[in-house]
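Visitor: Residue numbers (my numbering): 83 to 436. Note that the Cβ used here is the ideal one computed from N, Cα and C, for glycine as well.
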Ligand SMILES: [Cu+2]
């Protein structure tokens, strides 16, 4: 209706002067309101920002529980700085000063004890690689937690010493693990003699195979033609490349285990010669190298090989291995499924090799 339009026009006309009259007061009121709003906005923003930072920090913490954000790097023994080599040797020695809750010996002896009694099942079986990957990880963690070790487990790339393993710098008396036993002394275990130089000279170890048999850490380097047959021919780069070329997981395990893996103890002998091989601290550098070769093999086709797992589940078993099989540690650490260690970039492991 036209009348109503006029009426509306009248209303507008009557309110306009009122607005004009209160303009300056309105501006003042508006500016104080807006300053309150600005203050609130500022504090609001501050609170939101604080909450966001808190959430990001916590998210990072919980993510590092789920995924591996900053992998630790395991390095080759001779590439470590001198101070880092000495620090590693200090931590290893420290293990033999702490009594074990698992066996009749020290933390150092636990690893031989478990390797002989439990680890044995994993040899010549699919579980060989995951069992040892987890085993040396536990060793590395024990060094950190019980002996305040700050570094990572080193590996011994014996392809660098293929021509004569017994001349490797790992045997250095000052910056290494000490050398061969004194061949003029009586033999002890595994055709070896007490190690008389380096940080482990005179170290008493408690087990030999299944026996509680306190004795001195022993080595008995192989010499002559056998050194060539078991060392040079199996540890040179061409031989290792042929192992890495094997496409099938279980065939790869067998070639690695029966080839270079077995050659090293056959040459070093003494304590390394039997299933209580972890008596010799070099065992862990040797197995880090074996683990590194698996890591390299997996890296060739990680998408497929991160789950490549076949062969007998255990030594002399006809049961086919599965990723859900448990890795048994008999109290040394909790038993976990094989799938937890299939890549080194897992939440649990979180390392790679340089
Ligand atoms: Cu083993």
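On the premise that residue 347 lies in contact with residue 207, defined as a C-beta separation below 8 Å, what is that separation, rounded to the nearest angstrom?
Guide: Residue 207 to residue 347, Cβ: 18 Å. No contact.
Visitor: Distance check for residue 153 and residue 427, CA to CA, integer angstroms please.
Guide: Cα to Cα, the separation comes out at about 7 Å.
Visitor: What is the residue span of the alpha helix (DSSP H) that residue 394 lies within?
Guide: Here residue 394 belongs to no alpha helix (DSSP H), and DSSP marks it neither H nor E.
Visitor: Beta carbon of residue 405, beta carbon of residue 421: below 8 Å?
Guide: Yes. Within cutoff.
Visitor: Since residue 196 and residue 188 are thought to touch, with beta carbons under 8 Å apart, how far apart are those beta carbons, to the nearest angstrom?
Guide: Actually they do not touch by this definition, with Cβ atoms about 13 Å apart.
Visitor: Go ahead and label residue 408 buried or exposed: buried means 16 or more other beta carbons lie within 10 angstroms of its beta carbon, across all protein chains shown.
Guide: With fewer than 16 Cβ atoms within 10 Å of its Cβ, residue 408 is classed as exposed.
Visitor: Which residue marks the beginning of the beta strand (DSSP E) containing residue 440, and which one marks its end?
Guide: Since the displayed the chain opens at 83 and closes at 436, residue 440 lies outside it and no answer follows.
Visitor: Residue range of the beta strand (DSSP E) that residue 154 falls in?
Guide: Per DSSP, residue 154 belongs to the beta strand (DSSP E) from 154-156.
Visitor: Using 8 Å as the cut-off, can you tell me whether the stretch 212-221 makes contact with the stretch 287-295, which would need three or more C-beta pairs spanning the two stretches below that distance?
Guide: In short, these stretches do not touch, since the Cβ pair count stays below three.
Visitor: Would the C-beta of residue 201 count as close to ligand 1, meaning under 7 Å from any of its heavy atoms?
Guide: Yes, the Cβ of residue 201 comes within 7 Å of a heavy atom of ligand 1.
Visitor: For residue 297, verify whether its CB is less than 7 Å away from any heavy atom of ligand 1.
Guide: No.
Visitor: Can you look up residue 410 in the DSSP assignment and give me helix, strand or coil?
Guide: Looking at residue 410 - three-state DSSP - the assignment turns out to be coil, as it is neither helix nor strand.
Visitor: Spatial neighbours of residue 354 within its chain, please: CB distance less than 6 Å, with the 5 preceding and 5 following residues excluded, ordered by chain position.
Guide: 347 and 362.
Visitor: Would DSSP call residue 427 helix, strand or coil?
Guide: Residue state, collapsed to three classes: coil.
Visitor: The beta strand (DSSP E) with residue 296 in it runs from where to where?
Guide: Counting along the chain, the beta strand (DSSP E) containing residue 296 begins and ends at 293-298.
Visitor: Pop quiz: residue 435 and residue 242 are said to be a contact at Cβ under 8 Å. What is the actual Cβ separation, rounded to whole angstroms?
Guide: At roughly 14 Å, the Cβ-Cβ gap does not stay under 8 Å, so residue 435 and residue 242 are not in contact.
Visitor: Which of the three DSSP states, helix, strand or coil, is assigned to residue 206?
Guide: Three-state DSSP puts residue 206 in coil, outside helix and strand.
Visitor: Assess, as a yes-or-no matter, whether the stretch 319-329 is touched by the stretch 219-232 under the definition of 3 or more beta carbon pairs within less than 8 Å.
Guide: No, they do not touch.
Visitor: Taking the beta strand (DSSP E) that residue 435 falls in, what are its first and last residues?
Guide: Counting along the chain, the beta strand (DSSP E) containing residue 435 begins and ends at 433-435.
Visitor: With 16 other CB atoms within 10 Å as the buried threshold, where does residue 329 fall?
Guide: With fewer than 16 Cβ atoms within 10 Å of its Cβ, residue 329 is classed as exposed.
Visitor: Any heavy atom of ligand 1 inside 7 Å of the beta-carbon of residue 197?
Guide: Flag set: Cβ of residue 197 near ligand 1.
Visitor: What residue from 201, 425 and 173 has the CA that sits closest to residue 292's CA?
Guide: Nearest C-alpha to residue 292: 201.
Visitor: What does the alpha-carbon distance come out to for the pair residue 345 and residue 302?
Guide: Cα to Cα, residue 345 sits roughly 14 Å from residue 302.
Visitor: Thinking residue 280 and residue 258 are a contact (beta carbons under 8 Å), I'd like their distance in whole angstroms, please.
Guide: Right, their Cβ atoms sit about 6 Å apart.
Visitor: State the Cα-Cα distance for the pair residue 203 and residue 397, rounded to the nearest angstrom.
Guide: The straight-line gap from Cα to Cα measures roughly 5 Å.
Visitor: On the DSSP letters alone, give me the boundaries of the alpha helix (DSSP H) that residue 279 sits inside.
Guide: Per DSSP, residue 279 belongs to no alpha helix (DSSP H) and is neither H nor E.
Visitor: Would you kindly check if the distance between the Cβ of residue 166 and the Cβ of residue 233 is under 8 Å?
Guide: It is a contact, given that the beta carbons lie within the stated cut-off.
Visitor: Just tell me which of 261, 271 and 240 has its CA closest to the CA of residue 277.
Guide: Of 261, 271 and 240, the residue nearest in Cα terms is 261.
Visitor: Assign residue 296 to one of two classes, buried (16 or more other C-beta atoms within 10 Å of its C-beta) or exposed (fewer than that).
Guide: It is exposed - the Cβ of residue 296 has fewer than 16 other Cβ atoms within 10 Å.
Visitor: For residue 245, which option in 306, 314 and 337 has the closest C-alpha, if you only look at C-alpha atoms?
Guide: Of 306, 314 and 337, the residue nearest in Cα terms is 314.
Visitor: For residue 167, report the span of its alpha helix (DSSP H) as first-last.
Guide: From DSSP, the alpha helix (DSSP H) with residue 167 extends over 164-177.
Visitor: Considering only heavy atoms of ligand 1, does any lie closer than 7 Å to the CB of residue 368?
Guide: Not under cutoff, so the answer is no.
Visitor: So, is residue 352 buried or exposed, given that buried needs 16 or more other C-beta atoms within 10 angstroms?
Guide: That one is buried.
Visitor: For residue 194, count neighbouring C-beta atoms within 10 Å of its own C-beta (all shown protein chains included) and say buried if the count is 16 or more, exposed if not.
Guide: It is buried - the Cβ of residue 194 has at least 16 other Cβ atoms within 10 Å.
Visitor: Is the closest heavy atom of ligand 1 to the C-beta of residue 275 under 7 Å?
Guide: It does not: the Cβ of residue 275 is nowhere closer than 7 Å to a heavy atom of ligand 1.
Visitor: Sorry if obvious, but does the Cβ on residue 205 come closer than 7 Å to a heavy atom of ligand 1?
Guide: Result yes, Cβ under 7 Å from ligand 1.
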